[in-house]
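>
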Amino acid sequence: MTVPTVAIPSTMTSTTASVMLYADTKRRRRGRGMKSNEFIILGNPIAQGRPRFARRGNFVVTYDPEKSKEWKNEIIRQAVAQKAEVLEGALRVELMFRMKRPKSLPKKVKYHIKKPDLDNLAKAVLDALSGICYNDDSQIVSMGLFKSYVVDGQAPCVDIEIEEV
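Numbering (this note's numbering), first residue to last: -19 to 145.
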């Protein structure tokens, strides 16, 4: 199998380009006839924070905490850069959150059982991908969620697989 070459735009790092190439190659290997999106979002996963409320005159407005908002914008930016397609119909979603391992943590510890909670991590990703990979998160009928530590030398990230069922 020959490895295709990719011209890297000046606004993109070589790591982003290699992730895009990986996602594109994986997408072509599926060959089942069903549409799917598979890509990796680089960065330390951040959970969806509690909504904040503020009074503006006689009105109360709701807004995302700044950290959640920045993480969602990063997810959108990377998903668009990796050419995510809008999928129709019922969807199956798998999310693998790879968290940074603290240096003080013993190597025998395999699972990330601390905060942030897995459901809040997933909520941030699913909210960000709505309108990018699917029209509404009500299309999701099956979901697999995983949380682990990165292997030495790897960067924290989220592996995302969305497939029509």
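Here a beta-carbon is modelled for each residue, glycine too, at the ideal position from N, C-alpha and C.
Going residue by residue through the segment 80 to 136, where are the continuous alpha helix (DSSP H) segments of at least 4 residues, counting only ones entirely within it?
Taking only runs of at least 4 residues, the alpha helix (DSSP H) segments lying wholly in the segment 80 to 136 are 98 to 109.
> Pick out whichever of I140, E18, Q28 has its Cα sitting closest to the Cα of N100.
The shortest C-alpha separation from N100 is found at Q28.
> Residues in its own chain within less than 8 Å of E65 by CB, not counting five upstream and five downstream?
Taken in chain order, the residues that qualify are K15, N17, C113.
> Assign E68 to one of three DSSP states: helix, strand, or coil.
E68 falls in the coil class under three-state DSSP.
> Give me the DSSP bridge partner(s) of M76.
According to DSSP, which records beta bridges pairwise, M76 is partnered with F126, D139.
> Going by DSSP, which residues form a beta bridge with I21?
V138, per the DSSP bridge assignment.
> Please check the pair A108 and K47, which I expect to be a contact at CB under 8 Å, by giving their CB distance rounded to whole angstroms.
Rounded, the Cβ-Cβ distance is 13 Å, inconsistent with contact.
> Taking its Cβ as the centre, do 16 or more other Cβ atoms sit within 10 Å of A59, making it buried, or is it exposed?
Classification of A59: buried, given that the 10 Å Cβ count is 16 or more.
> Just grab the DSSP bridge partners of A34 for me.
V41, per the DSSP bridge assignment.
> Per DSSP, S16 is paired with what?
According to DSSP, S16 bridges with E143.
> Looking at V73 and M123, is the spacing between their C-beta atoms short of 9 Å?
Their beta carbons are under 9 Å apart, which means M123 touches V73 by this criterion.
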